[in-house]
Each structure stands twice: as C-alpha cells, then as structure tokens.
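What follows is a single structure, written as structure tokens, with notes after it.
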Amino acid sequence: MGRLQDSNAVLSHFNEYSERCYAELSGDFTRNVRLLKSMKSDLDHIFAKLRSMKAKLIATYPDAFPDGSTVNMIDQRPDLETPLP
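Per the UniProt record's numbering, the sequence shown starts with residue 1, numbered consecutively.
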C-alpha cells in the first residue's frame, strides 16, 4: 500500500510539473504557429508574383529563357499540409 501511495505522489508531482511546463510553452507555440502561417502566406504570395512576372517576361521576350525551363511550369514544391509517409 505504501508503494502505491508513493507512486501516486510521484505521478501527481509529475502531472503538476508537466502542467506548469505546458502553460509556459503553449503561448510560445501558438505565437510561433501564427508566425509560420503568416510566413507561408507571404511566401505563397511572393511565388505567385514571381510566376506572374516570369509569364509576362516569356510573353514579352520569348528568348529570355532558352533552356526550356518554361515548358512545364509545374509547382514542384512539397505540400506542407500533408503528413510525411
């Protein structure tokens, strides 16, 4: 019975410690998630602008990209919304 009480005391102490740590870190985590989402939105906007500018350059100056890099203008960036296998 004494071992059970000791185990309960240790677990209670750990739960309290864990709760304090979570309270300290959850604000930072939330703020960093917002920052990352904002950065992703900004980068998506920048890349869309770059694709638009490249398309205009190709239309105006067809010889600007002679290496055939514009044949398949497929977005080859990984989708960060889907989990990795």
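Backbone N, C-alpha and C fix where the C-beta goes; we use that ideal spot for every residue, glycine too.
In terms of CA proximity to residue 80, 41 leads the group 41, 64 and 15.
One Cα belongs to residue 14, the other to residue 26, and the distance between them is close to 18 Å.
With contacts defined by Cβ atoms closer than 8 Å, residue 58 and residue 47 do not form a contacting pair.
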